[in-house]
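Numbering (this note's numbering), first residue to last: 2 to 349.
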């Protein structure tokens with residue numbers, strides 16, 4: 002994983018925004034270093050009893066946070082406004098909802114293994130209630146997909162690589178989206194299903210087009226916000242709005258800040274070289290975590306669920322270099338490493 006930020010640092014030599022490339026590469030390198038040290042130290046210096054206590058207190062902490070969020074929703078945002086903010090919206094807790102969704106399965110699995118059934122029931126119930134009452138679609142999708150992946154790989158561990166190969170292939174071929182042409186009717190139909198989806202498609206098509214201008218090395222790490230033409234406001238689609246009983250021209254920026262998809266951002270900023278480095282790093286980490294044979298295999302269902310969760314959240318909303326999400330994934334990897342189920346060949 003260290004090779005990717007180092008390549009990002011090198012990319013400052015041709016980046017359209019070299020200052021951001023240097024700053025972001027050093028930031029990501031430091032995060033990975035701290036994460037590796039944290040996971041290594043905690044994993045090597047904790048007993049089973051210490052791990053049990055750790056997961057218990059993690060669950061208590063998340064439950065306390067969820068109770069505050071649920072109280073906030075019940076009070077209509079009074080707590081938030083008491084802190085000096087003028088207006089409350091449940092979008093304030095969108096990142097919190099994603100973190101709750103990311104940690105739900107790893108912590109629940111650990112609590113189940115330690116047979117802490119009452120805490121497990123409270124943790125899962127309040128976690129799901131928080132996610133669904135916030136109506137955060139990303140978090141709901143995370144819980145659904147990670148749960149399905151966990152169940153499938155638990156049922157047949159040989160499905161581990163079959164399932165995880167799909168997101169890896171997606172990263173490899175994503176620029177081909179530029180070859181798919183959608184007309185106004187298609188975009189309006191997509192917008193009717195999900196209001197932001199049509200704009201995302203316009204963003205991704207523009208990103209693919211700009212990627213093809215520098216397909217090998219990319220435009221430089223963290224250069225997405227500086228791509229020429231990215232801030233231009235363009236027509237997304239002209240669609241009929243039944244509430245207004247007229248056609249409405251929906252507009253938006255071609256590339257607001259980042260592509261809202263890690264695969265597109267990797268290709269745009271670091272090109273094929275960066276994508277291959279990232280794929281190699283992910284496959285290497287998965288092979289180490291999963292084990293090369295049945296005897297050395299780790300907890301395949303949990304690893305698959307966690308990887309799927311991280312890939313999904315990076316694919317539907319966030320920028321790849323956002324600090325809060327990098328740290329969330331580091332904590333998630335630590336929880337996964339400490340969960341450490343029995344290594345057996347069951348369900349082969």
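Backbone N, C-alpha and C define an ideal beta-carbon position, used for all residues, glycine too.
Between the region 175–189 and the region 199–211 there are three or more inter-stretch CB-CB distances shorter than 8 Å, so the stretches are counted as touching. For residue 161, the closest alpha carbon among the candidates 307, 73, 24 is that of 307. Residue pairing by DSSP places residue 324 in no beta bridge whatsoever. DSSP, read as helix, strand or coil, puts residue 128 in helix. Beta-bridge partners of residue 109 (DSSP): none assigned. Judged by beta-carbon spacing, residue 254 lies beyond the 9 Å limit of residue 223, meaning their Cβ atoms are not closer than that value. Exposure of residue 242 is indicated by the presence of fewer than 16 other C-beta atoms within 10 angstroms of its C-beta.
Rounded to the nearest angstrom, the Cβ distance from residue 108 to residue 124 is 6 Å, consistent with a contact under 8 Å. Nearest C-alpha to residue 24 among 329, 323, 331, 104: 323.
Setting aside the 5 residues that flank it on each side, residue 303 is surrounded in the same chain by 106, 107, 110, 151, 337, 340, 342, each with a C-beta closer than 8 Å to its C-beta; the list follows chain order. Under DSSP, residue 139 forms no beta bridge with any residue.
Rounded to the nearest whole angstrom, the CA to CA distance from residue 333 to residue 53 is 16 Å. For residue 242, there is no enclosing alpha helix (DSSP H); the enclosing beta strand (DSSP E) covers residues 234–242.
Contact between the region 115–123 and the region 83–92 is not established, with fewer than three Cβ pairs separated by less than 8 Å.
A distance below 6 Å between beta-carbons, with the five flanking residues on each side excluded, links residue 227 to the following residues of its chain, in chain order: 17, 18. If you draw a straight line from the Cα of residue 221 to the Cα of residue 4, it is about 15 Å long.
The region 89–102 and the region 139–154 touch, with three or more beta-carbon pairs separated by less than 8 Å. Selection 130, 276, 185 evaluated against residue 71 yields 130 as nearest (Cα-Cα). With a beta-carbon spacing of about 15 Å, residue 57 and residue 127 fall beyond the 8 Å limit used to define contacts. Residue 101 and residue 153 have their alpha carbons spaced roughly 22 Å apart. DSSP, reduced to helix, strand and coil, places residue 254 within a strand of the structure shown. Here the C-alpha atom of residue 157 lies approximately 30 Å from the C-alpha atom of residue 278.
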